[in-house]
Amino acid sequence: NTYIRPVTVQLPGSIANILGGTKVTFDDQTKTGTAFGKDNIIAETALVTGDIRAISEVQLNRVKTKMQAIVAASYPHTSGVIEFSEGYPAMAPTVGNKRLLEIYSGVSQDLGFGEVTAVNPLRAGAADVSFTADYVDMAIDALGLGSNKGHTAEETGDLATLPTQTKRAAILLLRLQNSH
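With the first letter of the sequence shown counted as 1, position 93 gets the number 93 in the numbering used here; the numbers rise by one all the way through.
Here is the structure:
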């Protein structure tokens with residue numbers, strides 16, 4: 001009655017790995033693991049790794065508090081532990097960010113490439129710019145190379161997008177420099 005069953009779970013807006021069983025192994029470097037157990041017993045170990053994406057520290061803290069409450073309410077004769085490590089900081093939408101996107105979209109339209117709009121935060125990946133966003137008046141993400149199958153193991157860069165993205169970024173920088 002033992003089994004090893006691969007399970008793939010997709011959580012909207014999250015990158016996550018979930019494993020559970022009597023025995024669980026997980027390699028944090030490769031983000032792969034195995035689980036072994038029986039289907040008629042409570043899993044001895046459940047491991048969930050991933051990130052929490054939020055648009056504000058208030059939202060992030062609210063989610064962490066709810067998760068801690070869920071773990072604290074374990075079933076009888078069971079216990080749980082939840083740990084959080086530092087990840088990407090929240091990046092709130094701001095008037096400055098919206099203005100910068102409008103300028104960037106204007107550049108794109110002037111070049112004949114069409115309008116650029118903000119991505120729904122639920123579908124957005126974590127952005128390196130979020131580490132500096134609190135220290136600048138305006139910030140946007142995703143000015144670089146386009147990709148296919150984003151945020152998956154099969155993600156590939158789309159080199160055909162490089163000329164367009166380079167032109168947009170160069171003209172944006174020129175316009176920002178000339179506006180000061």
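Built from N, CA and C at the ideal position, the CB exists for glycine as well. This structure is a prediction, so every number in the text was calculated from the model and none was measured.
*Give the range of the alpha helix (DSSP H) segment to which Lys98 is assigned.*
Val95 to Asp110
*How should Arg62 be labelled, buried or exposed, when 16 other C-beta atoms within 10 angstroms of its C-beta is the threshold for buried?*
exposed
_Going by C-alpha to C-alpha distance, which of Ala160, Val107, Asn40 and Ile52 sits closest to Pro121?_
Ile52
*Along the chain, which unbroken stretches of the beta strand (DSSP E) at least 3 residues long are found entirely within the segment 11-46?*
16-21, 23-27 and 32-38
*Under the assumption that Leu145 contacts Gln177 (Cβ atoms under 8 angstroms), give the Cβ distance between them as a whole number of angstroms.*
Going by Cβ atoms, the distance from Leu145 to Gln177 rounds to 23 angstroms, so no, they are not a contact pair.
_I need the straight-line Cα distance from Asp128 to Ile70, nearest angstrom please._
30 angstroms
*So, helix, strand or coil for Ser185, using DSSP?*
In the structure as shown, the chain starts at 1 and stops at 180, and residue 185 therefore has no counterpart that could be examined.
_Nearest to Leu173 (by Cα), restricted to the options Asp158, Ala54, Leu143 and Phe26_ = Leu143
*Own chain, CB closer than 7 angstroms to Phe131, minus 5 neighbours either side, in chain order*: Pro89
*Between which two residues does the beta strand (DSSP E) carrying Thr156 extend?*
Thr156 to Asp158
_At the level of alpha carbons, what is the spacing between Arg168 and His77?_
59 angstroms
*Going by DSSP, name the residue or residues bridged to Ala49.*
In the sequence on display, residue 49 carries Thr and not Ala. Note: Thr49 sits in a beta bridge opposite Asn17.
*Is the segment 18-26 touching the segment 34-49 in the sense that three or more CB pairs, one from each, lie closer than 8 angstroms?*
yes
*Endpoints, alpha helix (DSSP H) assigned at Met67*: Glu57 to Ala72
_So, for Thr25: in the same chain, excluding its five sequence neighbours on each side, which residues have a beta-carbon less than 7 angstroms away from its beta-carbon?_
Gly33 and Thr34
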